[in-house]
Amino acid sequence: MPRIPLRPEKAGEALSALTSPPEWAEVFGSSGSLELEIGCGAGGFALEHCRRDPSIRYVAFEWRKKYAREVAFRAEKHGLKNLKVIEGDARAVVPKIFAPESLDVIHLQVPDPWWKRAHFRRAILTPEFTKLLLGLLKPGGRFDFRTDVEERALQGLSVLEKTGLPQPTRRRRVPPLRSRRGPLDARAPLSRVRPTGVPGEAGQAAFRRECGKVLTCPDAPGPPQDTRGRA
Numbered sequence: 010m011p012r013i014p015l016r017p018e019k020a021g022e023a024l025s026a027l028t029s030p031p032e033w034a035e036v037f038g039s040s041g042s043l044e045l046e047i048g049c050g051a052g053g054f055a056l057e058h059c060r061r062d063p064s065i066r067y068v069a070f071e072w073r074k075k076y077a078r079e080v081a082f083r084a085e086k087h088g089l090k091n092l093k094v095i096e097g098d099a100r101a102v103v104p105k106i107f108a109p110e111s112l113d114v115i116h117l118q119v120p121d122p123w124w125k126r127a128h129f130r131r132a133i134l135t136p137e138f139t140k141l142l143l144g145l146l147k148p149g150g151r152f153d154f155r156t157d158v159e160e161r162a163l164q165g166l167s168v169l170e171k172t173g174l175p176q177p178t179r180r181r182r183v184p185p186l187r188s189r190r191g192p193l194d195a196r197a198p199l200s201r202v203r204p205t206g207v208p209g210e211a212g213q214a215a216f217r218r219e220c221g222k223v224l225t226c227p228d229a230p231g232p233p234q235d236t237r238g239r240a
């Protein structure tokens, strides 16, 4: 991957400075599904997802400023008006700019595993922040969590379950993506997928909130991940 330059303009400065939720229809100039991604990295997922579906409204967070600014630059370059990038710590900004039950989808794509114990506090799926995120989902909304580290997958699922997401199948294994079968659509209906057993594929799980409860829907298909940058 070419070296990413540090662009001068901060990404999403106006949005990160807000102290209350904005009117997202005014921010985007349109209505539609409102989606949040925490840790967009180099932006492969966010850019392609927004290109494929212009009807969605997508807010992507990235704390590393050179990545955030590059994704914002590429979104503007390609005319993706449905993608807003915010440079900063999602844990500090998300509670301020999203109202309860306002999000249709939350994406957490291949987060940094934070191997050192001293760095565990940087993890996104802490009990407190996970509870807040689930409260932001609309009834029927989806929490899309993917990781290529099995240990972190199991830890993440444990936190999600303890926060209120029962796993009906009780499987303690996260199934792999079907990446060798071609690109998948993030907005395709959730369905059961037979694991392929291909080494190195990212595991995934999706959780759908319905009627005031959050239910597990394993093996949700989605578009190819961008693993070049981590949350």
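Residue numbers (our numbering): 10 to 240.
Glycine residues also receive a C-beta, built at the ideal position from the N, C-alpha and C atoms.
task = Can you say whether Ala101 is buried or exposed, counting buried as having 16 or more other CB atoms within 10 angstroms of its CB?
result = exposed
key: Contact check, Tyr67 vs Asn91, beta carbons under 8 Å   = yes
ask   = Roughly how many angstroms separate the alpha carbons of Phe241 and Leu169, rounded to a whole number?
value = The chain is shown from 10 up to 240; residue 241 falls before or after that span and cannot be answered.
request  = May I ask whether a heavy atom of the ligand HEM can be found less than 7 Å away from the beta carbon of Ser40?
outcome  = Within the structure as shown, the ligand HEM is missing, as the structure has no ligands at all.
request  = Mind listing, in chain order, the continuous beta strand (DSSP E) runs of no fewer than 3 residues lying wholly within the segment 20–85?
outcome  = 43–47 and 66–71
ask   = Cα-Cα, which of Ser39, Arg73, Ala84 and Phe70 is closest to Ser64?
value = Ser39
ask   = Does the beta-carbon of Ala23 have 16 or more other beta-carbons within 10 angstroms, so that it is buried, or is it exposed?
value = exposed
request  = Kindly indicate the opening and closing residues of the alpha helix (DSSP H) around Lys140.
outcome  = Pro136 to Leu145
request  = Please list, in chain order, all residues of the same chain as Leu145 whose beta carbon is under 8 Å from its beta carbon, the five residues on each side excluded.
outcome  = Leu45, Val103, Phe107, Ala108, Pro109, Glu110, Ser111, Leu112 and Ile115
message = Here's a check: name, in chain order, each residue in its chain whose Cβ is nearer than 7 Å to the Cβ of Gly165, leaving out the five neighbours to either side.
response = Leu134, Phe154 and Thr156
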